[in-house]
Amino acid sequence: MSVSVVGISDRITFINGKRITQFIIHLKVANHEWSVSHYYTEFHTLYMKLKTLKDCTGLQLPGNSLMNIFTNRRKVLYNFITKLISNDLHLTNNDVQVFLDLQNNINLSNITVNQDLNLIDLGQTEDKKASLNDFEIVKTIGEGNFGKVYLAVSRKTNQALAIKVLKKDAVKQRKEVDNVMSERNVLVKSLNHPFLCKLHFSFQSTTKLYFVLDYINGGELFYHIQRERTFTETRTRFYAAQIASALGYLHSENIIYRDLKPENILLDSKVS
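Counting in the working numbering, the sequence shown runs from 68 upward without gaps.
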């Protein structure tokens, strides 16, 4: 799902004899366009709700009294909506989806999205019916050169999952498509080992690749080393055995893992 803002217009309405400006947001997904209308107080109500989210960074909207001093209120709202839809966390938020009427219009655009020429072959792991709309994005849990990793909850199963999101343009510009596919192949093979993070499935939009993975909720080994400084011998043996078992399995599959470090070793909630 790749939503863009075509523009924002306004019109004057009268309610109980009072002159009020209504703003019309013109949106687009693939070849499908639609519009939604809201008063400024509705924009501000949405903004105040989103401010409570942990990853609500970069969103700014002045109060109603301050808004009146801006000569180009449409530009302020355009910047707000553009920032809003650039963040996957916001796009899967129920309040945002209702405000922008996303669900009805994303469904209308499915045919044109599937005709996208920017598709990358994700092989048998790809679920062509899946979309970001199937998940509630909770927060960002990681960030890399090509994108971010989010904690998400499946709307269908209520299962907590990790979604790795990669920007297609960044992957292609750096000629990393083969490396991304290699990582996918490794994750597929990891399905057969209890100590390796598993890839459930993948999907894509016109601009991004999505890999749906296990969510390991105990944090990085690096964090626990920093916090506790030393582990008991029993605990150390336990971790070492699991790491050796996982590496041994990868080697048996002719896979060499070249980025082994505490930051890339995740623990489940039973960390002690």
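Even glycine gets a Cβ: it sits at the ideal position worked out from N, Cα and C.
TODO: Look at the Cβ atom of residue 96, then the Cβ atom of residue 152, and state whether they are nearer than 7 Å.
DONE: no
TODO: Note the first and the last residue of the continuous beta strand (DSSP E) segment covering residue 74.
DONE: 70-82
Open item on the list: For residue 329, tell me which candidate among 290, 230, 281 has the shortest Cα-Cα distance.
Closed with: Of 290, 230, 281, the residue nearest in Cα terms is 290.
TODO: Give a yes or no on whether the C-beta atoms belonging to residue 236 and residue 264 are separated by under 7 Å.
DONE: no
Task: Between the CA atoms of residue 261 and residue 272 - distance to the nearest angstrom - done: 30 Å
Task: CA-to-CA distance, residue 170 to residue 200, given in whole angstroms - done: Going from the Cα of residue 200 to the Cα of residue 170 covers about 8 Å.
Open item on the list: Could you tell me the alpha carbon to alpha carbon distance between residue 88 and residue 102, rounded to whole angstroms?
Closed with: 16 Å
Open item on the list: Applying the 10 Å Cβ sphere with the 16-neighbour rule, what's the burial state of residue 73?
Closed with: If you draw a 10 Å sphere on the C-beta of residue 73, you find fewer than 16 other C-beta atoms in it, and that means exposed.
- [ ] Report buried or exposed for residue 214, applying the criterion of at least 16 other Cβ atoms within 10 angstroms of its Cβ.
- [x] buried
TODO: Measure the CB-CB distance between residue 333 and residue 283 and report whether it falls below 7 Å.
DONE: Yes, the pair counts as a contact, with Cβ atoms nearer than the cut-off.
TODO: Please go through the same chain and pick out, in chain order, the residues whose beta-carbon is closer than 7 Å to the beta-carbon of residue 139, but skip the five residues on each side of it.
DONE: If the five residues before and after residue 139 are omitted, its C-beta is found closer than 7 Å to no C-beta atom of its own chain.
TODO: Would you tell me roughly how many angstroms separate the C-alpha atoms of residue 144 and residue 267, rounded to the nearest one?
DONE: Taking C-alpha positions only, residue 144 is separated from residue 267 by approximately 38 Å.
Task: Residue burial classification, residue 324 (beta-carbon count within 10 angstroms, cutoff 16) - done: It is exposed - the Cβ of residue 324 has fewer than 16 other Cβ atoms within 10 Å.
- [ ] With a threshold of 16 other CB atoms inside 10 Å of the CB of residue 318, please say whether the residue is buried or exposed.
- [x] exposed
- [ ] Compute the Euclidean distance between the alpha carbons of residue 331 and residue 75, then round it to the nearest angstrom.
- [x] 44 Å
Task: Buried versus exposed call for residue 305 [16 or more other C-beta atoms within 10 Å across all chains shown] - done: exposed
TODO: Just mark residue 206 as buried or exposed, buried being the case when its beta carbon has 16 or more other beta carbons within 10 Å.
DONE: exposed
TODO: State the DSSP-derived secondary structure class of residue 294, mapped to helix, strand or coil.
DONE: helix
Open item on the list: Considering only their Cβ atoms, is the gap separating residue 335 from residue 285 smaller than 7 Å?
Closed with: Contact annotation: residue 285 and residue 335 have beta-carbon atoms nearer than 7 Å.
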